[in-house]
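In the numbering used here, the protein residues as written are 2 to 208.
The following block contains the structure:
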């Protein structure tokens, strides 16, 4: 589990390398806990071509109860997160497929949002900079404290395919991670600022 204690641009976690191959499908799941009035940035993936190739972020705005799911800026979808902003642990999964451009957003195993025609046929390219806790406005930097994540992330994982509803449910109930993970918290290469790694069994903390 990673703890991000404050909205400082010094606090973030980095992966040694971004995606090794291009992605036409993606699933991102994590346990999330925050006492902030907005969710902040869980993940940002930037390349030299586009600093918002893949972003899941909220910010200190007038309407803080949603986050933007960005794939290839400026394309994004707004996802509801009001139920996450209560300081408790919640399991979230966002899933996207370039086939028909479909996406699904789950909170605590329940489908909170879905849609289609979102970046149909698009490929998320390899070789970018992947960061947890900050939104990149340039590769590896350009952070804004109003977009920083404050709280805890546990069981974070990314797959190169679209998970099924049953697989989402099995993760949220502690039955392990389905096949096909391409990145987990074990692949984090550096913790910056005051970010801390804490060993815990997530379900004991989250349910």
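Ideal Cβ placement from N, Cα and C applies to all residues, glycine included. Note that the structure is predicted; figures quoted are calculated from it, not measured.
Pick out whichever of the options has its Cα sitting closest to the Cα of residue i.
{"i": "residue 36", "options": "199, 5 and 73", "result": "5"}
{"i": "residue 42", "options": "31, 185 and 48", "result": "31"}
{"i": "residue 181", "options": "188, 159, 190 and 175", "result": "159"}
{"i": "residue 65", "options": "38, 195 and 87", "result": "38"}
{"i": "residue 129", "options": "7, 8, 17 and 3", "result": "17"}
Just verifying my parser: in three-state terms, what is the DSSP assignment at residue i?
{"i": "residue 186", "result": "helix"}
{"i": "residue 208", "result": "The predicted model places residue 208 with a pLDDT of 45, which falls under 50 and marks its position as unreliable; any figure quoted below should be read in that light. If DSSP states are grouped into helix, strand and coil, residue 208 belongs with coil."}
{"i": "residue 197", "result": "strand"}
{"i": "residue 31", "result": "strand"}
{"i": "residue 180", "result": "coil"}
{"i": "residue 78", "result": "strand"}
{"i": "residue 171", "result": "helix"}
Would residue i and residue j be called neighbours here (beta carbons separated by less than 8 Å)?
{"i": "residue 198", "j": "residue 125", "result": "no"}
{"i": "residue 178", "j": "residue 94", "result": "no"}
{"i": "residue 212", "j": "residue 191", "result": "One cannot answer for residue 212 here, as it falls past the ends of the chain, which runs 2 to 208."}
{"i": "residue 144", "j": "residue 48", "result": "no"}
{"i": "residue 114", "j": "residue 106", "result": "yes"}
{"i": "residue 45", "j": "residue 195", "result": "no"}
{"i": "residue 83", "j": "residue 104", "result": "no"}
{"i": "residue 161", "j": "residue 183", "result": "yes"}
{"i": "residue 57", "j": "residue 70", "result": "yes"}
Between residue i and the rest of its own chain, which residues show a CB-CB distance below 6 Å, the 5 nearest in sequence each way excluded?
{"i": "residue 127", "result": "20, 21, 22 and 23"}
{"i": "residue 13", "result": "132, 134, 135 and 193"}
{"i": "residue 185", "result": "158"}
{"i": "residue 138", "result": "52"}
{"i": "residue 208", "result": "Per-residue confidence for residue 208 stands at a pLDDT of 45, beneath the threshold of 50, marking its modelled position as unreliable; the derived number appears in the next sentence. Cβ neighbours of residue 208 beyond the five flanking positions: none."}
{"i": "residue 109", "result": "91 and 92"}
To which residues of the same chain is residue i closer than 8 Å at the C-beta, ignoring the five residues directly before and after it?
{"i": "residue 120", "result": "72, 73, 76, 97, 99 and 102"}
Leaving out five residues before and five after residue i in sequence, what residues of the same chain have Cβ atoms less than 7 Å from its Cβ?
{"i": "residue 163", "result": "26, 28, 96 and 98"}
{"i": "residue 61", "result": "39 and 147"}
{"i": "residue 81", "result": "66, 67, 113 and 114"}
Taking 7 Å as the cut-off, does the CB of residue i come closer than this to any heavy atom belonging to the ligand HEM?
{"i": "residue 61", "result": "No copy of the ligand HEM appears in this structure; indeed no ligand is present at all."}
Which residue spans inside the stretch 98–132 form an unbroken beta strand (DSSP E) run of at least 3? 103–108 and 111–116
Length at least 3, wholly inside the stretch 126–167: the beta strand (DSSP E) runs in chain order: Within the stretch 126–167, the complete beta strand (DSSP E) runs of at least 3 residues are 130–133 and 152–160.
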